[in-house]
Amino acid sequence: MRNFDKFAPRLRNWSVMLTRKLSGFSSADYRALLRQLLSHGFRDVRLSELESDKPHLYLRHDIDLCLEKAAAMAELEAEIGVSSSYFVLISTGLYNPASLASRRLLRRIIEHGHEIGLHFDATQTLHDEDLQSAAAAECDILADICGRSIHTISFHRPAPSLLNLTGNFAGRRHTYEPAFFSEIAYISDSNGGWHHGHPLDHPAIAEGRAVQLLTHPIWWIGSGAREAVPLIRDFADRRAAELHDDIAGTVTAYAKWRDDKGLPCGRHS
Ligand SMILES: [Zn+2]
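Straight run, no breaks: the sequence shown in this note's numbering ends on number 1438.
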């Protein structure tokens, strides 16, 4: 009991800290963050242009869940006048980059002046596949889908062996090269919070040194719940409703059963 008393205040502090860090982002927050970074003299650059001792800002978005939110973020950035890189998964079961809807969204992102890169999930390869060959093959698929060559790769939930890998990967630059990762400021919103401090508090901002800022559109775009878990639960519910619609569009018997039951269409309800 004495031990618990000793640690209880610290546990309460952690709990408060975690709650604050997971309380959500909004598109207005992202817009304000970009404007503040620009007001500090930062300039958006492509990965190949980044110089560590300059106020260069590499804006990266990994699209883990939702291309619609990525396209909305691309428009927001274009309004502010910055260009960034959107990394697309090929091997995911969570969205299909080759669907007509996805291709329209990718076209919107490109038309707003952004780069499309490959978000490579090394866990989705066969045991006898060479990782770089698999990534190169995915780049070819993505290039066919979006009608642009793919020059850059980011790894999805990378194993430690992929972090700080020097040199090209699959013949392309990648975002975890030491020059873009451990040797500059690397700031991420993973899990819906600034778990390692707010970007503007990073010493690189005051010193005018290069920053790679990784943000996931899912945390910033949209209305409704903004905290991480409720936001993801809302997203999953909406996706489930869309899945029922898509199945009804393919299986007439199921569509008729839903009609007979008076069930609403998930996409428009
Ligand atoms: Zn990812």
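Yeah, the Cβ is synthetic: ideal placement off N, Cα and C, and Gly gets one too.
Contacts around L1331, its chain only, beta-carbon distance under 7 Å, and the 5 residues preceding and following it disregarded: Scanning its chain for C-beta atoms nearer than 7 Å, with the 5 sequence neighbours on each side dropped, one finds around L1331 the residues A1291, F1324 and Y1345, in chain order.
Simplified DSSP assignment, three categories, for H1413: In this structure, H1413 counts as helix in the three-state DSSP scheme.
Residues proximal to ligand 1 by C-beta, any heavy atom closer than 5 Å: Matched residues: D1231, D1233 and H1325.
Proximity winner among L1300, I1279 and A1348, relative to F1289 (alpha-carbon distances): Ranking L1300, I1279 and A1348 by Cα distance to F1289 puts L1300 first.
Opening and closing residue of the alpha helix (DSSP H) in which A1201 lies: Counted as a single uninterrupted DSSP element, the alpha helix (DSSP H) harbouring A1201 occupies residues S1196 to S1208.
C-alpha gap between A1375 and D1414, whole angstroms: Approximately 50 Å, taken between the alpha carbons.
Beta-carbon separation (whole angstroms), L1234 vs V1257, contact threshold 8 Å: Going by Cβ atoms, the distance from L1234 to V1257 rounds to 12 Å, so no, they are not a contact pair.
Close-in-space but distant-in-sequence residues of the same chain around R1277 (CB under 8 Å, 5 per side omitted): Cβ within range, chain order: A1240, A1243 and E1244.
Residues of its chain near A1394, where Cβ-Cβ distance is below 8 Å and the 5 sequence neighbours each way are ignored: Around A1394, the same chain offers G1193, L1400, R1402 and D1403 as residues with beta carbons nearer than 8 Å, after the five sequence neighbours per side are excluded.
Whether H1283 touches S1252 by CB criterion (7 Å): Their beta carbons are under 7 Å apart, which means H1283 touches S1252 by this criterion.
D1429 - containing beta strand (DSSP E), residue span: Following the DSSP letters along the chain, one finds D1429 in no beta strand (DSSP E) but inside the alpha helix (DSSP H) bounded by residues T1421 to K1430.
Cβ pair H1343, A1354 closer than 7 Å: Contact flag unset, no.
Own chain partners of A1303 with C-beta closer than 7 Å, once the 5 adjacent residues on each side are dropped: Answer for A1303: T1294, listed in chain order.
Inter-stretch contact (C-beta, 8 Å, three-pair minimum) for the stretch 1381-1395 and the stretch 1352-1367: Taking a contact to require three or more Cβ pairs closer than 8 Å, the stretch 1381-1395 and the stretch 1352-1367 qualify as touching.
Secondary structure of R1215, DSSP reduced to three states: R1215 falls in the coil class under three-state DSSP.
Three-pair Cβ contact test at 8 Å for the stretch 1204-1216 versus the stretch 1258-1270: Cβ pair count under 8 Å is below three, so no.
Per-residue DSSP class, three states only, for L1161: As shown, the chain starts at 1170 and ends at 1438. That puts residue 1161 outside it, with no answer to give.
Straight-line Cα distance separating L1236 from D1222: Looking at the two C-alpha atoms, the distance is approximately 33 Å.
Of the listed residues I1310, P1266, A1201 and A1379, nearest to E1248 (C-alpha basis): A check of alpha carbon separations from E1248 across I1310, P1266, A1201 and A1379 identifies A1201 as the nearest.
Own chain partners of E1307 with C-beta closer than 8 Å, once the 5 adjacent residues on each side are dropped: The residues are I1259, S1260, L1287 and F1289.
Start-to-end residues for the alpha helix (DSSP H) that takes in E1307: E1307 -> alpha helix (DSSP H) spans L1300 to C1315.
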